[in-house]
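Chains as they are written, first to last, in our numbering: chain A, 677 to 840; chain B, 200 to 784.
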């Protein structure tokens, strides 16, 4: 799926930047360094916003577009931060046939957050996941590790109310 | 060392290290390609160059010829039913999500995909793939991207990143979402693109093209209140023939001039004249900087792609840029000041068009500080391709024209002006004049500087030379292509390179290889040295010109006598010079 650009304000700290610069320095002169640099940058910030990619571009002399191309190619890289409440709806086969698509659409509608992105205030992120191995509970979703099984569309509002 | 191979049953000895594709060319066989561009895009992605090979007596297998190296005793089959079927299937897959609006596509008849689909008689609707609808990116004043036509060959990406060393475009997302775009999905007009247009001439299909300004020109010509003039850059005469089936390297100056007159311009002028004017202004500026402790090394300012590159990527060097406008802008400024005054025309009624081999000039016409008369110096810049299109659309039989001469009073430029279109040419032209000023007397014969011309068909790196003029050592450097410019500027920055005067052209090889030149398919680009062929037209013009030095062009001095006074005068600064912006990234 096409990656969504974030609308969440960047809140990087000087400490995070110092760590990032150390990572870039560690890989200086190493061939094929961009993957590990991006992985470690994501470990530091939790995602790869433009502010972080720009630092990497400038310090490694790599065009920003090339870095963005890598970040959007691999599913492991995130352009949006996890929300304070990180919502994940399983779209694995069992959940999908049990109607999880309708559930994720309902959540997206109620929160005004597109699938694969984070609300501008950073409060909610909404993600579609592959099978999480709880097919017996299908359709299933998690919010910060709380598991909600055998979901129906009408339950969405009630569950979200707990996280307002 | 050679290796022996059998191509379609016949024996050939080919160079070791060659690819199967190159070996086949030795046997006069052109294997079809869509993604391959020699040296810059060798990725084996399009799968059109499939051939069958057998090595060491093993069974035949299918490989991509563009990246597969030959080996001793290899047997190569380039034309079997199996290969043809595979190529046909691959073409049908390419078409499955291609927007097939071929009737009105800008590349219809020059499209490499269209040609192959015809040759392989594909069923264009065989596979019905998902066709995502992309918005056309028309944010740039020069380059338009239509991803609905894109086949993801990456030739534009390679031209931008590998050849020019810029890399503002690349492949974003993956799978069916893959598309060529800019960082964080910005539009091309909002990133540090220099508008060189090398992506356009690399594109095999109609996914990239210049902003077509021909309608504006036609509208002006039919407007009775406008006087419409056009001037043609040195390189246009060396390329326009290619739009009408002439071989690259054919000089079509007389036919070009006649065709433009038939289109209805009120005057057709030669930009070589303002190339000469540029030399007079620029050489005097250089000498003044040397004598008065100005910023050195001075860098040429004729190439608007290079100017924008400098402003984005090396803003610390914008003071080094000559303040001279480019010949195109000088011409427009001249038309709307000197010429308007002389002819008694209100500059607002003059519509001035320049014909150029360059897409970056479309950006240049809209730059600030390019309106000497209060109106834009140049109203519209049209590429060689657009000029070709206008001539074609008007039904003019270009090949049947006898040809005619440029209009007075701007009908003549020297040989020095002509060579502006090739890398090293501006420098050579400037040195021919600077040497005379420094020595205080004319040289016995025009200076020629083979050291700084393009060497051995290569555009890699940069060239330097030192010329002893009287007691003075004039140290110069020349680069073409922004990748080479970057290397040169970094060496200036580090102190490794110490020169007084630098010529940089944005496109590799100079304007003769500009982004507005006629399309040539990869099969030609990969095998013919287009830059050398086109440049030969300009060097022949120079050799055959009675006047080979800008300072001997009487028409230029007439301008000083009647209007500017002296080179670099206050008036000259007002009309012929400009300023730059530190853009950064």
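Note that beta-carbon positions come from the ideal geometry of N, C-alpha and C, so glycine has one too.
For residue 589 of chain B, the secondary structure class from DSSP, reduced to helix, strand or coil, is helix.
A Cβ-Cβ contact shorter than 9 Å links residue 675 of chain B with residue 699 of chain B. The bridge partners DSSP lists for residue 816 of chain A come to none. Within the region 352–375 of chain B, those residues whose Cβ lies closer than 8 Å to any Cβ of chain A are, in chain order, 360, 365, 366, 367, 368, 369, 370, 371, 372 and 373. Below the 9 Å Cβ cutoff, chain B contributes no neighbours of residue 780 of chain A, its closest Cβ being approximately 19 Å away.
With 16 or more other CB atoms across the displayed protein chains lying within 10 angstroms of its CB, residue 428 of chain B is buried. Secondary structure of residue 822 of chain A (DSSP, three-state): strand.
Check the Cα spacing between residue 244 of chain B and each of B:250, B:515, B:747 and B:234: the tightest is with B:234. Looking at B:450, B:293 and B:486, the one whose alpha-carbon comes closest to that of residue 629 of chain B is B:486. Taking the beta carbon of residue 678 of chain A as reference, the chain B residues within 7 Å of it are 372 and 376, listed in sequence order. Nearest to residue 561 of chain B by C-alpha distance, out of B:502, B:386 and B:664, is B:502. Counted as a single uninterrupted DSSP element, the stretch harbouring residue 465 of chain B is not any beta strand (DSSP E), since DSSP gives it neither H nor E. The beta carbons of residue 646 of chain B and residue 634 of chain B sit closer together than 9 Å. In terms of CA proximity to residue 484 of chain B, B:498 leads the group B:498, B:222, B:425 and B:435. Under the DSSP assignment, residue 290 of chain B falls in the alpha helix (DSSP H) whose first and last residues are 280–295.
With fewer than three CB-CB distances shorter than 8 Å, the region 732–743 of chain B does not count as touching the region 418–432 of chain B. Here the alpha carbons of residue 708 of chain B and residue 621 of chain B stand approximately 6 Å from one another. Close to chain B, meaning a Cβ-Cβ distance shorter than 7 Å, are the following residues of the region 737–750 of chain A: 739, 740, 741, 742, 744, 745, 748 and 749. With the rule of 3 Cβ pairs closer than 8 Å, the region 648–656 of chain B does not count as touching the region 466–484 of chain B. Listed in chain order, the beta strand (DSSP E) elements of length 3 or more contained wholly in the region 711–739 of chain A amount to none. Just so you know, the alpha carbons of residue 746 of chain B and residue 738 of chain B end up roughly 13 Å apart. When the beta-carbon positions are compared, residue 763 of chain A and residue 716 of chain A stay at least 9 Å from each other. Along the region 680–747 of chain B, the alpha helix (DSSP H) occurs as fully enclosed runs of 4 or more residues at 681–693, 721–724 and 729–743, listed in sequence order. With the criterion set as a beta carbon lying under 9 Å from some beta carbon of chain A, the region 535–567 of chain B has no members that meet it.
Counting only runs that start and end inside the region 362–442 of chain B, the beta strand (DSSP E) elements of at least 3 residues fall at 369–371, 378–380, 407–409 and 426–431. Residue pairing from DSSP places residue 803 of chain A in a beta bridge opposite A:764. Residue 521 of chain B sits in coil when the DSSP states are folded into three classes, being neither helix nor strand. The residue among A:729, A:756 and A:735 with its C-alpha nearest the C-alpha of residue 745 of chain A is A:729. Contact check for residue 398 of chain B against residue 389 of chain B fails: the beta carbons are separated by 9 Å or more. For residue 483 of chain B, there is no enclosing beta strand (DSSP E); the residue is part of the alpha helix (DSSP H) that begins and ends at 471–491.
Note on geometry: alpha-carbon atoms of residue 708 of chain A and residue 756 of chain B lie some 59 Å from one another.
Taking a contact to require three or more Cβ pairs closer than 8 Å, the region 726–742 of chain A and the region 760–776 of chain A do not qualify as touching. The alpha carbon of residue 408 of chain B has as its nearest neighbour, out of B:288, B:420, B:207 and B:581, the alpha carbon of B:581. Neighbours of residue 731 of chain A in chain B, taken as residues at a C-beta separation under 7 Å, are lacking, since the least C-beta distance is about 12 Å. In the DSSP assignment, residue 667 of chain B falls within the unbroken beta strand (DSSP E) covering 662–668. The contact set of residue 726 of chain A on chain B, defined by CB atoms closer than 9 Å, consists of 382 and 383 in chain order.
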